[in-house]
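In full-length UniProt numbering, the protein residues as written are 1 to 1087. Beta carbons are placed, not taken as given, at the ideal position from N, Cα and C, and that holds for glycine. Please read all numbers here as calculations on a predicted model, not as lab measurements.
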């Protein structure tokens, strides 16, 4: 095992070995003049090197304060000062009307405050310690002023770090029109306090040691002139363009916020941006929209509004070293140091409740590229999980008929109820681990899903989109939607919420919001008044979203959506002043209320391995646009098109061809920090990675919810770059295995010159036969259609798999171009899905006999016998899922008992499922046209639910049609992994894909328009004709497959020959009446 220095490669850790750390600092303060002469209080903190008397120049970190610039417990001031020793100047100043600065503070993000910031940057630019770079720092209001100033395109600012702030200030406080004026206020002076009392909370500048000027700023400007923006700016029930009563009728939410005004600033090449975003507060959506619009990078942590200020959280691994994080960011942005910050994917995000050590994830985009949205519909059928006003369900299939459920709006809902019976719901601190059932769910309308399938990862990241069809007895109503996790113990836990005021339902295009599945509403007075005049008498569609979060569900938890209409702890509901209306929600049919959930599919884009000859541990993250190579030595970034230079098992990256050799299997989650060790088993890197074949639907089941609701089918091709016309082994994974994780047999074949195509198929459950067969056939057709691009020989394809993959591999070998199973997955239907050889490990063969076979195999192991039979015959066994006959009172055991009882009393469903069980079984697909087949299995693996007798059944059935079949078995387990079997299967492939054949096999079926020559399908000009006394084929079609010399005889008429009469030296034939197929073998020496 190779040990990794975990701290060294964490993107949040930063300890540059050769950086000079200044031993001391100095500080001074002064008044400077703003653009209009207003005096602003400024603090400057500089690094000091006593051994160097020459003044050095440094980049500047700037913070603009609405409060004191030197608070005793101010973590941001402390952060700025802590960075000075690394070679920065920290400048902290107070905006006009704040602290001891002169002027009036009567708004929020006002033009005067923005000009104050610009004036300070101009002053900085004239100082002898300034090196030409300024980066801003600040959380909340200190972040918002950064964005407001950006609207003026300040030329001296080169980097901004807005923490939990958004440009759309109206949306922040009136989300989708719902009034959210804070119910708390900053302390303000209600009388002229004394100088001594005033100076307790402020810091005079150096030239004002007695605080006279400071007190003059308070008495002459602040007192009775300053306005608390929480009290005066954010008042209830305003529209975006409302003429604000406290600001002389100014439309402040159009004039003040920087929304729509920062494009020029962020389009500059010299401007860089990083956001620290809290998921446990109300501005997450707006901040992510800002990232989508203007780029940069972002850390999306498990932080509340103020927790994001210092990047601290009580969640496991949720806190980061804030000094190291900012140090790394500013070194990259302001010093242009290549420290890996820009060579890391742009988004790092925290997944709540993920496995320990895997909470932090990477993504180069938002939403993450592996998002697969899953639509769930509201259904009035009871879920049986809640005693709410309406215990409805969330289902993946839209209910056919439209129904309604009514709700008497109530305002006694207590969200986040504390021990005193009070609500502690706070939009700046959106976390509560209590049970929502009694005080929220039971007072609202609930819609709850089936349990999430326990074997899946069940993670989501982003906004839950909501489409709600409603009507109401009033012309306006507020909708408050809670997304919750209902855990197996029945308790329901808050995830995140979304709100919507019905009168604000008019929407407008917003690309960033739409990309996240959200809807942006205009909230303009004209639009609101129009909606109010229309009323809510008829079914009306409201589209909005639950705020973003990255969330991992516990196994067998459920997703619940609770609909309520009031939360007095945070919102103001003017429309209920004259009584509570009745809300109607529509479900199904034409008015199908639904949600769309951003579930994630495994991505398998994280490769652990080593670099070059020195074996330095490294991790390679592969995303859509770039590859990111991280090691203790360096971090590098390379453009990616998913086509790589590969040789042996290694990949060579970039112009300098850095060699990276993977160790172990690719991981499905790009998490950090990395595990402390690497596997010592090498795994090849694909020459073509994540090649898209098709998107297919995932079936639903009543007893479990399978998500995501669709599956993207990809394939990886492992081969040395540049090699052409290679034989290809198509690998089909087993249940739950990554499609791109090669077993030992495939790694051996890869080393010996075979191309390996690892393909993905749908599992059962949730899907059933023939979905997985059609997925595989679609992948084979795709490979044939693109064989030239990938350097493959389309006439030398073989399959390999075990367990689920073994059965699939076997069926692919047996069914050739069978139109009943071909399907249209991925298109390319003009190409054949026939393969030229097939290897199948412990592949089940006769579905209805699986239970009896496994019982016979484990009859001498009573301790595990029942468990093995249950996994085969039981009501929820995977085997029963093949024909979708799982659930209470179902299972293969029920069918076999019915069959053994002579199918009496007759049951139509059982008869149907028995026919399906017959159709899915490979033993019933055996035919004389099959290619060479290798089967392997054995005894000794107690965890396997497929008896060796299943392979014997296949072997015997194939023998009955004279197929060429080999059976490799061993004891002591490890089927297909023992060296003897590995070499035997390699020899099998070598014989049938590499060596020149000693004879050619021709298969022709009556009535078909194709011929199979050496297990490759070719089209005929005319279909064959099968008559009682003749098997007729166009002579020109047929003779091209025979020796050029005419050393055969056959009856002929009208340009056709009768294959029944065919004879000649070195030619053998046999007709199989059951299959209407003739097999002709021509020895090579006669050609």
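(1) Could you pull out every residue in the same chain whose Cβ sits closer than 7 Å to the Cβ of residue 433, ignoring the five residues on either side in sequence?
(2) Identify, in the order they occur along the chain, each residue of the same chain with its Cβ nearer than 6 Å to the Cβ of residue 826, setting aside the five sequence neighbours on each side.
(3) Using CA coordinates, which residue listed in 93, 19, 246 is at the minimum distance from residue 106?
(4) Would you say residue 754 and residue 764 are within 8 Å of each other, going by their C-beta atoms?
(5) Contact check, residue 880 vs residue 890 under 8 Å by CB: the rounded distance?
(6) Taking Cβ to Cβ, would you say residue 463 is nearer than 8 Å to residue 411?
(7) Is residue 325 near residue 12, with beta carbons less than 8 Å apart?
(8) Do residue 640 and residue 623 have their beta-carbon atoms positioned less than 8 Å apart in this structure?
(9) Strictly by DSSP, which residues pair up with residue 801?
(10) Please state the DSSP three-state secondary structure of residue 1076.
(11) Let me know the secondary structure DSSP gives residue 24 once reduced to three states.
(12) Could you check which residue in 38, 399, 180 has the C-alpha nearest to that of residue 1152?
(13) Use the C-beta contact count for residue 903: other C-beta atoms within 10 angstroms, 16 or more gives buried, fewer gives exposed.
(14) Between residue 873 and residue 892, is the Cβ-Cβ spacing less than 8 Å?
(15) My assumption, with CB atoms under 8 Å, is that residue 423 sits in contact with residue 414. Please give the rounded CB distance.
(16) Tell me the DSSP bridge mates of residue 469?
(17) Applying the criterion that 16 or more other CB atoms from any shown protein chain within 10 Å of the CB defines a buried residue, is residue 384 buried or exposed?
(18) Would you kindly work out how many angstroms separate the C-alpha atoms of residue 786 and residue 727, rounded to a whole number?
(19) Evaluate residue 16 with the Cβ neighbour count: other Cβ atoms within 10 Å of its Cβ, from every protein chain shown; 16 or more gives buried, anything less gives exposed.
(20) Going by DSSP in three states, residue 178 sits in which element: helix, strand or coil?
(21) What are the boundary residues of the alpha helix (DSSP H) that residue 229 is part of?
(22) In chain order, what are the residue ranges of uninterrupted beta strand (DSSP E) at least 3 long that sit wholly in the region 598-641?
(23) Are the region 374-391 and the region 315-330 touching by the rule of at least three beta carbon pairs closer than 8 Å?
(24) According to DSSP, is residue 69 helix, strand or coil?
(25) Under 8 Å by Cβ, that's how I've got residue 671 and residue 358 pegged, so tell me the actual separation to the nearest angstrom.
(26) Can you tell me which of the three DSSP states residue 1087 falls into?
(27) Might you give, ordered along the chain, the residues of its own chain that have their beta carbon closer than 6 Å to the beta carbon of residue 1051, omitting 5 neighbours on each side?
(28) Distance check for residue 600 and residue 712, CA to CA, integer angstroms please.
(29) Of the choices 962, 1078, 636, whose alpha-carbon is the least far from that of residue 338?
(30) Going by Cα to Cα distance, which pick from 159, 49, 222, 164 is closest to residue 329?
(31) Measure the beta-carbon distance from residue 1081 to residue 1068 and round it to whole angstroms, keeping in mind my assumption that it falls under 8 Å.
(32) Applying the 10 Å Cβ sphere with the 16-neighbour rule, what's the burial state of residue 680?
(33) What residues are listed by DSSP as bridge partners for residue 283?
(34) Where DSSP assigns a beta bridge to residue 1109, which residues make up the other side?
(35) So residue 466 and residue 545 are supposed to be a Cβ contact under 8 Å. How far apart are they, rounded?
(36) Should residue 136 go down as buried or exposed, given a rule of 16 or more other Cβ atoms within 10 Å for buried?
According to the data block:
(1) If you number the chain shown from 1, residue 433 lands on position 433. Sequence-distant Cβ neighbours of residue 433 in its own chain, meaning closer than 7 Å and more than five residues away, are 493.
(2) The sequence position of residue 826 within the chain shown is 826, counting from 1. 693, 694, 778, 782.
(3) Residue 106 sits at position 106 when you count from the first residue of the chain shown. Closest by alpha carbon: 246.
(4) Locating residue 754 in the chain shown gives position 754, counting from the first residue. Locating residue 764 in the chain shown gives position 764, counting from the first residue. Taking 8 Å as the cut-off, the beta carbon of residue 754 is found no closer than this to the beta carbon of residue 764.
(5) Residue 880 sits at position 880 when you count from the first residue of the chain shown. Residue 890 sits at position 890 when you count from the first residue of the chain shown. The Cβ separation is near 6 Å, so the contact holds.
(6) Translated into the one-based positions of the chain shown, residue 463 becomes position 463. Translated into the one-based positions of the chain shown, residue 411 becomes position 411. No, these two residues do not count as a Cβ contact at 8 Å.
(7) Looking up residue 325 in the chain shown gives position 325. Looking up residue 12 in the chain shown gives position 12. Contact: yes.
(8) Along the chain shown, one-based indexing puts residue 623 at 623. Along the chain shown, one-based indexing puts residue 640 at 640. In this structure, residue 623 sits near residue 640, with a CB-CB distance shorter than 8 Å.
(9) Counting from 1 along the chain shown, the entry for residue 801 is found at position 801. Residue 801 is bridged to 732, 840.
(10) Residue numbering aside, residue 1076 sits at position 1076 when the chain shown is read from its first letter. DSSP places residue 1076 in coil when its eight states are reduced to three.
(11) Counting from one through the chain shown, the residue named residue 24 turns up at place 24. Strand.
(12) Outside the shown range of the chain, which is 1 to 1087, sits residue 1152, and nothing can be said about it.
(13) By 1-based counting over the chain shown, the position of residue 903 is 903. When all chains shown are included, residue 903 counts as exposed.
(14) Indexing the chain shown from 1 puts residue 873 at position 873. Indexing the chain shown from 1 puts residue 892 at position 892. In contact: residue 873 and residue 892 (Cβ atoms closer than 8 Å).
(15) Taking the chain shown and counting its residues from 1, the one referred to as residue 423 is at position 423. Taking the chain shown and counting its residues from 1, the one referred to as residue 414 is at position 414. At roughly 5 Å, the Cβ-Cβ gap stays under 8 Å, so residue 423 and residue 414 are in contact.
(16) As a working mapping, residue 469 is identified with position 469 in the chain shown. According to DSSP, which records beta bridges pairwise, residue 469 is partnered with 541.
(17) Taking the chain shown and counting its residues from 1, the one referred to as residue 384 is at position 384. So residue 384 ends up on the exposed side.
(18) Within the chain shown, residue 786 is the residue found at index 786, counting from 1. Within the chain shown, residue 727 is the residue found at index 727, counting from 1. Each residue's Cα considered, the two are about 14 Å apart.
(19) As a working mapping, residue 16 is identified with position 16 in the chain shown. Exposed, by the Cβ-count rule.
(20) Residue numbering aside, residue 178 sits at position 178 when the chain shown is read from its first letter. DSSP places residue 178 in coil when its eight states are reduced to three.
(21) As a working note, residue 229 is residue 229 in the chain shown. Run containing residue 229: 229-232, per the alpha helix (DSSP H) assignment.
(22) Complete beta strand (DSSP E) runs here, min 3: 606-611, 616-622, 626-631, 635-639.
(23) Verdict: no, contact absent.
(24) Residue 69 sits at position 69 when you count from the first residue of the chain shown. Coil, per DSSP.
(25) Looking up residue 671 in the chain shown gives position 671. Looking up residue 358 in the chain shown gives position 358. Confirmed, Cβ separation roughly 4 Å.
(26) Taking the first residue of the chain shown as 1, we reach residue 1087 at position 1087. Reliability fails at residue 1087, whose pLDDT of 46 lies under 50, so the model's placement of it is uncertain and no value is given.
(27) Against the chain shown, residue 1051 aligns to sequence position 1051. Same-chain partners within the cutoff: 1058, 1061.
(28) To locate residue 712, count along the chain shown from 1; it is residue 712. To locate residue 600, count along the chain shown from 1; it is residue 600. Rounded to whole angstroms, residue 712 to residue 600 spans 11 Å at the Cα level.
(29) The residue labelled residue 338 in the question sits at position 338 within the chain shown. Residue 636 holds the alpha-carbon nearest to the alpha-carbon of residue 338 among 962, 1078, 636.
(30) Residue 329 sits at position 329 when you count from the first residue of the chain shown. Out of 159, 49, 222, 164, 159 has the C-alpha closest to the C-alpha of residue 329.
(31) Here residue 1081 refers to the residue found at position 1081 of the chain shown. Here residue 1068 refers to the residue found at position 1068 of the chain shown. About 4 Å separates the beta carbons of residue 1081 and residue 1068, which is inside the 8 Å limit, making them a contact pair.
(32) The residue you call residue 680 lines up with position 680 of the chain shown. Here residue 680 is exposed, its C-beta having fewer than 16 other C-beta atoms within 10 Å.
(33) Your numbering for residue 283 matches position 283 in the chain shown. Its beta-bridge partners do not exist; DSSP assigns none.
(34) With the chain covering only 1 through 1087, there is no way to say anything about residue 1109.
(35) In the chain shown, counting from the first residue as 1, residue 466 sits at position 466. In the chain shown, counting from the first residue as 1, residue 545 sits at position 545. The Cβ separation is near 6 Å, so the contact holds.
(36) On the chain shown, residue 136 is found 136 positions in, with the first residue counted as 1. It is buried - the Cβ of residue 136 has at least 16 other Cβ atoms within 10 Å.
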